[in-house]
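Take a look at the structure below.
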Amino acid sequence: MFALHESSSDSFTSPNLQVKGKNLSLESTIQELPLQNFQIESSCLGKEIAPVFESNPLLPGVILTNQQGNFVGMVSRRLFFERMGGRYGIEMFYKRSIDVLYRFSQVEVLILPGTTLIVEAAQKSLQRRPELLYDPVVVEVQPEEYRLLDIHQLLVAQSQIHELTSNLLKEQTHAKAIQTEKMASLGRMVAEVAHEIRNPVNCIWNNLIFLTSYIEEITKLLAVYDQISEPSPIINKIKEQIEYDTLQAELSETTQGIRFGSEQLLKIVNSLRNFSHMDESQRKPANIHECIDSTLLILNNRLKHGIKIIKNYCPNLPMVSCYSGQLSQVFMNIISNAIDALQEKSVDLDSEWQPQIQITTEVIFFQNYTWLTIRMTDNGDGIPLEIQDKIFDNFFTTKAVGKGTGMGLAISHQIISEKHGGKLKLNSSPGHGTEFMIMLPI
């Protein structure tokens, strides 16, 4: 008529929160906790159940089944002794089937799937009426297979998970503080180095302007000498030795090459200076296109391997009050991830596929506000649907160990949402690329 079973090796008195040698984690479910399986047919008499409760003081309740073994309901220890100890309880329930007590009490049973998270189960348990607070939870471990979970076990498990959560939050906060300090220190160092480089670069650039002018004047003077002077064998011999005609043609190209290199070096130095403003204390008006271009210039070495950059810049884009250095950090994180995704895809494809990153800026009106939107889209493999809701979580990464901290997008989200009051949205379809949209209020 009734049988007592245990669903795991844990006994009724076991307070141990280790399941099969593993500690509970934030993702642990209630089926990992010690579950009890005391089942009786609903036709069983109350007097037959009382000795079982008395001999097993930690048994939280009994599962009721019909003659076919199908689940009918649950009677908790509290309810059983409350009814038996009540007025006329012995006469009404002791010598009658437990089904009478169950139907008379109109029991509210909390039934949860075994895959329910421990934290969620504890919340639902505590939302019950006060008198049901300590009644056990019925756990459906498999379809039509039920076990009992003692509330004490559930609350102890929740307490341990709460402690784990607190410790993890402390670790994340500490790691975030270290990362922020590292970025600030790196920014200061880059700013100092860029400043030191900028001085000699400016010196080269300014003197190159004069040098180009001097060469042009000397070339004019030499041309006049050639026109008015008699040919000299000595001069002609020297001209042949130095390849005078070729030298004249190449001299202009050489100065132009030095000029171009100086311009690029000056742009890189300025980009580093702009990128290094991570510790800005106040917002300043900035040209977003210049911030993006500076970031692309810094990443130019990674973009050389066949990745095409398509710019769809909005004409007459207004200046935006922002922390330009922090925005450059966001652009750097997003574009770097796009480059990684494109490089991973290019390994498995033929040379006909063209990896590309498209950057689009636009001014829109949304929710009664004017916004500057920046869309950065790649044509990589996209982000799997199952991890898209975790992409902005701290320390979440799909990269191998040593390839990153997993905080890039989390920090980017914080910079956009908290520092600038904006939005950072993800739109990705597996196999069709990924788009990050940055929205900044104007």
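When you line the sequence shown up against this note's numbering, it's residues 160 to 601, in that order. Built from N, CA and C at the ideal position, the CB exists for glycine as well. As the structure is a computational prediction, the values presented were derived from the model and not from experiment.
Remark: C-beta atoms of Arg242 and Ser264 approach each other more closely than 8 Å. In the structure shown, Tyr247 falls within a coil segment according to DSSP collapsed to helix, strand and coil. The residues Leu307, in chain order, have a CB closer than 6 Å to that of Gln195 in the same chain once the five nearest residues on each side in sequence are set aside. Every beta strand (DSSP E) of 3 residues or more that sits fully in the region 191-235 is shown, in chain order, as 195-200, 220-224, 230-235. Within the region 253-299, the beta strand (DSSP E) runs of at least 3 residues that lie entirely inside it are, in chain order, 270-272. Within the same chain, and ignoring the five residues on either side of Ser480 in sequence, the residues whose Cβ sits closer than 6 Å to its Cβ are Arg442, Pro444. Comparing C-alpha distances from Ser201 to each of Arg237, Leu271, Phe212, Asp258 shows the shortest one belongs to Asp258. The criterion of a C-beta distance shorter than 8 Å is not satisfied by Leu599 and Leu544. For a cut-off of 8 Å, the C-beta gap from Gly220 to Val234 is around 6 Å, short enough to register as a contact. Ranked by Cα distance from Val300, the options Thr274, Leu380, Glu267, Gly580 are led by Thr274. In terms of CA proximity to Pro216, Arg236 leads the group Ile397, Arg236, Ser495. CA-to-CA, the gap between Tyr293 and His311 works out to about 8 Å.
Taking C-beta atoms under 8 Å as the contact rule, Ile570 and Ile597 fail to qualify, at a distance of about 14 Å.
With respect to the 8 Å criterion, Thr414 and Ile374 are classified as neighbours on the basis of their beta carbons.
DSSP places Asp385 within a helical segment (H, G or I) once states are collapsed to three. Residue environment analysis places His579 among the buried positions, since at least 16 neighbouring C-beta atoms fall within 10 angstroms of its C-beta. Taken atom to atom, the span from the alpha-carbon of Leu486 to that of Cys450 is near 8 Å.
Classified as exposed, Glu303 has fewer than 16 neighbouring CB atoms from the shown chains inside 10 Å of its CB.
The DSSP assignment places no complete run of the alpha helix (DSSP H) inside the region 475-499 (cut-off: 4 residues). Nearest neighbour of Thr593 by Cα position, chosen from Asp548, Glu503, Asn527, Ala497, turns out to be Ala497.
Under the criterion of beta carbons closer than 8 Å, Phe212 and Phe239 qualify as touching, at roughly 6 Å. Residue burial is scored here from C-beta neighbours: Asp548 has fewer than 16 other C-beta atoms within 10 angstroms and is therefore classed as exposed. A Cβ-Cβ contact shorter than 8 Å links Met491 with Thr454. With a threshold of 16 other beta carbon atoms within 10 Å, Thr224 meets it and is buried. Approximately 15 Å separates the beta-carbon atoms of Lys426 and Leu462; this is outside 8 Å, ruling out the contact. If you draw a straight line from the Cα of Asn538 to the Cα of Gln488, it comes to about 22 Å.
With three or more CB-CB distances shorter than 8 Å, the region 353-367 counts as touching the region 404-422. For Phe419, the secondary structure class from DSSP, reduced to helix, strand or coil, is helix. Burial is judged here by how many other beta carbons sit within 10 angstroms of a residue's own beta carbon; Gln317 has at least 16 and is buried. Residue environment for Gln226: exposed (fewer than 16 other C-beta atoms within 10 angstroms of its C-beta). Out of Gln400, Gln502, Val522, Ile523, the CA that lies nearest to the CA of Gln513 is found in Gln502.
Around the C-beta of Thr536, 16 or more other C-beta atoms lie within 10 Å, and the residue is accordingly described as buried. With a threshold of 16 other beta carbon atoms within 10 Å, Phe524 falls short and is exposed.
Its chain contains Tyr253, Lys254, Arg255, Ser256, Ile257 as the residues whose beta carbon lies nearer than 8 Å to that of Leu204, once the 5 sequence neighbours on both sides are disregarded; these appear in chain order.
In this model, Tyr482 and Ser187 are separated by some 41 Å (Cα to Cα).
In this structure, Tyr261 and Gly228 do not form a Cβ contact; the two beta carbons are roughly 17 Å apart against a cut-off of 8 Å.
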